[in-house]
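K.L.:
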Amino acid sequence: MKTGLLGRKLGHSYSPQIHAYLGDYSYELFEREPEDVERFLKEGDFSAINVTIPYKKTVMPYCRLTDTAKYMGSVNTIVRQPDGTLLGHNTDYFGFTSMVQKSGLDVKGKKCLVLGSGGASVTAVAVLKEMGAHVVVISRSGENNYDNLHLHTDAAVICNCTPVGMYPKNGVSPVDLDLFPRLEGVLDMIYNPARTQLLMDAENRGLIAENGLWMLVAQAKEAAEWFLNKQLPDSLIQFVYDKMRRQMENIILIGMPGCGKSTVGKLLAESLGKTFVDADSELEKVYGVDIPTVFATEGEAGFREKETAVLADLGKRAGLIIATGGGCVTRERNYPLLHQNGTVFWLTRDLDKLPSDGRPLSRITKMEDMYRIRKPLYEDFADHSIENDAAVGDTVAQIIAKWEEVR
Numbered sequence: 024m025k026t027g028l029l030g031r032k033l034g035h036s037y038s039p040q041i042h043a044y045l046g047d048y049s050y051e052l053f054e055r056e057p058e059d060v061e062r063f064l065k066e067g068d069f070s071a072i073n074v075t076i077p078y079k080k081t082v083m084p085y086c087r088l089t090d091t092a093k094y095m096g097s098v099n100t101i102v103r104q105p106d107g108t109l110l111g112h113n114t115d116y117f118g119f120t121s122m123v124q125k126s127g128l129d130v131k132g133k134k135c136l137v138l139g140s141g142g143a144s145v146t147a148v149a150v151l152k153e154m155g156a157h158v159v160v161i162s163r164s165g166e167n168n169y170d171n172l173h174l175h176t177d178a179a180v181i182c183n184c185t186p187v188g189m190y191p192k193n194g195v196s197p198v199d200l201d202l203f204p205r206l207e208g209v210l211d212m213i214y215n216p217a218r219t220q221l222l223m224d225a226e227n228r229g230l231i232a233e234n235g236l237w238m239l240v241a242q243a244k245e246a247a248e249w250f251l252n253k254q255l256p257d258s259l260i261q262f263v264y265d266k267m268r269r270q271m272e273n274i275i276l277i278g279m280p281g282c283g284k285s286t287v288g289k290l291l292a293e294s295l296g297k298t299f300v301d302a303d304s305e306l307e308k309v310y311g312v313d314i315p316t317v318f319a320t321e322g323e324a325g326f327r328e329k330e331t332a333v334l335a336d337l338g339k340r341a342g343l344i345i346a347t348g349g350g351c352v353t354r355e356r357n358y359p360l361l362h363q364n365g366t367v368f369w370l371t372r373d374l375d376k377l378p379s380d381g382r383p384l385s386r387i388t389k390m391e392d393m394y395r396i397r398k399p400l401y402e403d404f405a406d407h408s409i410e411n412d413a414a415v416g417d418t419v420a421q422i423i424a425k426w427e428e429v430r
């Protein structure tokens with residue numbers, strides 16, 4: 024069986040990896056320009072395909088549509104029938120339904136703001152209405168827009184269906200959550216980064232915050248059922264979600280200078296099949312100068328500016344083990360850069376075991392004084408703390424065990 028994904032630009036698609044877990048079939052990326060879509064549908068060598076933007080509506084005239092595809096007004100799954108005709112279906116409805124259920128949000132009878140008016144918005148509106156929500160679509164130029172959000176301060180749920188905050192334009196949010204005192208949770212269809220600024224703002228307020236990875240996996244699972252013409256267990260969604268989340272997620276190591284972040288990080292990367300990056304070494308490579316020279320010529324303030332720029336770049340990337348400099352926690356703005364795609368582990372070690380050779384601040388500041396200042400900062404940044412006073416293999420095993428607990 025030959026399957027795949029039809030779209031225009033597919034270089035960053037995770038669909039091949041997801042479908043590799045769902046069925047024993049080939050899955051290719053079919054990048055086509057608009058003028059080539061009709062020929063591909065009529066003459067292409069495929070048994071079944073997924074369809075992504077900008078072709079979810081384009082393909083409809085060439086398909087016999089399921090009721091769901093008619094209702095949604097778009098197609099994201101096509102199966103070639105025995106007589107050669109094409110059956111068009113939409114699995115986004117199931118995917119978003121599953122995402123809302125995973126979040127635990129009860130939307131019935133509550134006001135839900137759906138940000139955006141494109142195809143993703145249509146899916147969210149249909150599902151939320153079916154669940155009994157009072158849905159208001161916020162668009163740039165519609166009756167309800169970003170200039171009159173004050174009319175909707177009673178919103179309980181916000182669903183972002185826009186690309187605002189998506190890689191590579193991380194760190195921006197479509198709305199200010201302070202406007203919504205009754206907010207219970209945020210759903211964001213974006214899954215890269217794992218935590219958009221909108222989701223991190225929700226987390227900071229103790230609200231439910233769910234990204235779009237679960238939806239991506241759930242809709243793919245239903246598509247695989249259409250490909251294979253058989254039911255697959257819903258437990259596959261959790262299984263594949265866990266696999267993909269771990270593949271995409273960064274692990275961040277913070278801690279005092281000399282606590283073993285690089286040593287642990289390299290072994291951790293080897294154990295998990297991830298790429299290891301030392302943030303200090305990356306800084307030296309990017310700027311072409313060693314760290315002691317930066318301190319000598321620009322002082323700590325100059326070094327911290329360069330460090331933040333490097334962390335901003337590394338934090339956007341996926342699947343890394345990142346060993347940070349010991350003082351990265353002294354800048355609060357570094358936290359979202361690391362947190363957006365990662366789990367942060369604080370490595371602790373007895374102070375008398377920490378070396379100071381070659382470390383500018385360690386040579387001029389008493390280790391006890393430095394630790395007293397930084398300890399609460401490490402605590403604020405860290406998702407978990409791990410002692411690194413024993414064998415490095417034991418430390419790595421503890422990190423992996425704790426990391427794999429998270430769902």
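Numbering (the numbering used here), first residue to last: 24 to 430. We treat Cβ as the ideally placed atom computed from N, Cα and C, and that holds for glycine.
1. Any contact of the region 261-269 with the region 35-44, i.e. 3+ C-beta pairs under 8 Å?
2. Rounded to the nearest angstrom, what separates residue 216 and residue 193 at their Cα positions?
3. Would you call the region 297-313 and the region 160-173 touching, i.e. three or more CB-CB distances under 8 Å?
4. To the nearest angstrom, how far is the alpha carbon of residue 289 from that of residue 274?
5. Within 10 angstroms of the Cβ of residue 56, are there 16 or more other Cβ atoms? Answer buried if so, exposed if not.
6. Excluding the 5 residues preceding and the 5 following residue 360 in the sequence, name in chain order all residues of the same chain whose CB lies nearer than 6 Å to its CB.
7. Please classify residue 24: is it buried, with 16 or more other beta-carbons within 10 angstroms of its beta-carbon, or exposed?
8. Go through its chain and collect everything with a Cβ distance to residue 225's Cβ below 6 Å, but skip five positions before and after it.
9. What residue from 146, 174, 179 has the CA that sits closest to residue 157's CA?
10. What are the partner residues of residue 111, as DSSP defines its beta bridges?
11. Starting from residue 301, trace the beta strand (DSSP E) both ways and give me its first and last residue.
12. For residue 296, which option in 423, 82, 140 has the closest C-alpha, if you only look at C-alpha atoms?
13. Tell me the DSSP bridge mates of residue 134?
14. If we ignore side chains and look at the alpha-carbon of each, how far apart do residue 237 and residue 121 end up?
15. Taking residue 372 as the reference, which of 46, 411, 149, 190 has the closest Cα?
16. Rounded to whole angstroms, how far is the Cβ of residue 85 from the Cβ of residue 52, which I believe are closer than 8 Å?
17. Would DSSP call residue 193 helix, strand or coil?
18. Kindly indicate which three-state DSSP category residue 183 falls into: helix, strand or coil?
19. How many Å lie between residue 206 and residue 126 at the Cα?
20. For residue 387, count the other beta carbons within 10 Å of its own beta carbon; 16 or more makes it buried, fewer makes it exposed. Which is it?
21. Quick one: which unbroken beta strand (DSSP E) runs of 3-plus residues sit fully inside the region 216-261? Chain order, please.
22. Helix, strand or coil for residue 357? Go by DSSP, reduced to three states.
23. Please specify which runs of the beta strand (DSSP E), each continuous and at least 3 residues long, are wholly inside the region 300-350, giving them in chain order.
P.N.:
If we stick to the structure as given:
1. Touching, yes, given that three or more Cβ pairs across the two stretches are closer than 8 Å.
2. As a first step, residue 216 must be located in the sequence shown, where it is residue number 193. As a first step, residue 193 must be located in the sequence shown, where it is residue number 170. Each residue's alpha carbon lies about 7 Å from the other.
3. Taking a cut-off of 8 Å on C-beta distances, the region 297-313 does not touch the region 160-173, as fewer than three cross pairs fall below it.
4. Stepping through the sequence shown from its first residue, residue 289 is reached at position 266. Stepping through the sequence shown from its first residue, residue 274 is reached at position 251. C-alpha of residue 289 to C-alpha of residue 274: approximately 12 Å in a straight line.
5. Taking the sequence shown and counting its residues from 1, the one referred to as residue 56 is at position 33. When all chains shown are included, residue 56 counts as exposed.
6. By one-based count along the sequence shown, residue 360 stands at place 337. So the list reads 334, 335, 338, once near-sequence residues are dropped.
7. Within the sequence shown, numbered from 1, the residue matching residue 24 stands at position 1. Burial check for residue 24: the Cβ neighbour count within 10 Å stays below 16, so the residue is exposed.
8. Walking along the sequence shown from the start, residue 225 turns up at place 202. The beta carbon of residue 225 sits closer than 6 Å to the beta carbons of 209, 232 from its chain, once the five residues preceding and following it are set aside; these are given in chain order.
9. Mapped onto the sequence shown, residue 157 falls at position 134. Checking every option, the nearest Cα to that of residue 157 belongs to 179.
10. Sequence index remark: in the sequence shown, residue 111 carries index 88 (1-based). Under the DSSP definition of a beta bridge, residue 111 partners with 88, 101.
11. The count along the sequence shown starts at 1 and reaches residue 301 at position 278. In this chain, the beta strand (DSSP E) harbouring residue 301 covers 298-301.
12. To locate residue 296, count along the sequence shown from 1; it is residue 273. Out of 423, 82, 140, the CA that lies nearest to the CA of residue 296 is found in 423.
13. Position 111 of the sequence shown, counted from the start, is the residue given in the question as residue 134. BP columns for residue 134 point to 157.
14. As a first step, residue 237 must be located in the sequence shown, where it is residue number 214. As a first step, residue 121 must be located in the sequence shown, where it is residue number 98. Rounded to the nearest angstrom, the two C-alpha atoms are 8 Å apart.
15. Counting from 1 along the sequence shown, the entry for residue 372 is found at position 349. Closest option to residue 372, Cα to Cα, is 411.
16. Within the sequence shown, numbered from 1, the residue matching residue 85 stands at position 62. Within the sequence shown, numbered from 1, the residue matching residue 52 stands at position 29. In this structure residue 85 does not touch residue 52 by the C-beta definition: roughly 20 Å separates them, more than the 8 Å allowed.
17. Looking up residue 193 in the sequence shown gives position 170. Reduced to three states, the DSSP call for residue 193 is coil.
18. If you number the sequence shown from 1, residue 183 lands on position 160. DSSP places residue 183 in strand when its eight states are reduced to three.
19. What you label residue 206 is simply residue 183 of the sequence shown in a count that begins at 1. What you label residue 126 is simply residue 103 of the sequence shown in a count that begins at 1. For the pair residue 206 and residue 126, the Cα-to-Cα distance works out to about 14 Å.
20. The count along the sequence shown starts at 1 and reaches residue 387 at position 364. Low local confidence applies: a pLDDT of 49 at residue 387 is under 50, so the model's placement there is unreliable, with the coordinate-based value given in what follows. The residue in question, residue 387, is exposed, as its Cβ has fewer than 16 Cβ neighbours within 10 Å.
21. List check, beta strand (DSSP E) in window: 231-233.
22. Indexing the sequence shown from 1 puts residue 357 at position 334. Three-state result, residue 357: helix.
23. Annotation: the region 300-350 contains the following complete segments of the beta strand (DSSP E) (minimum length 3 residues), in chain order: 343-346.
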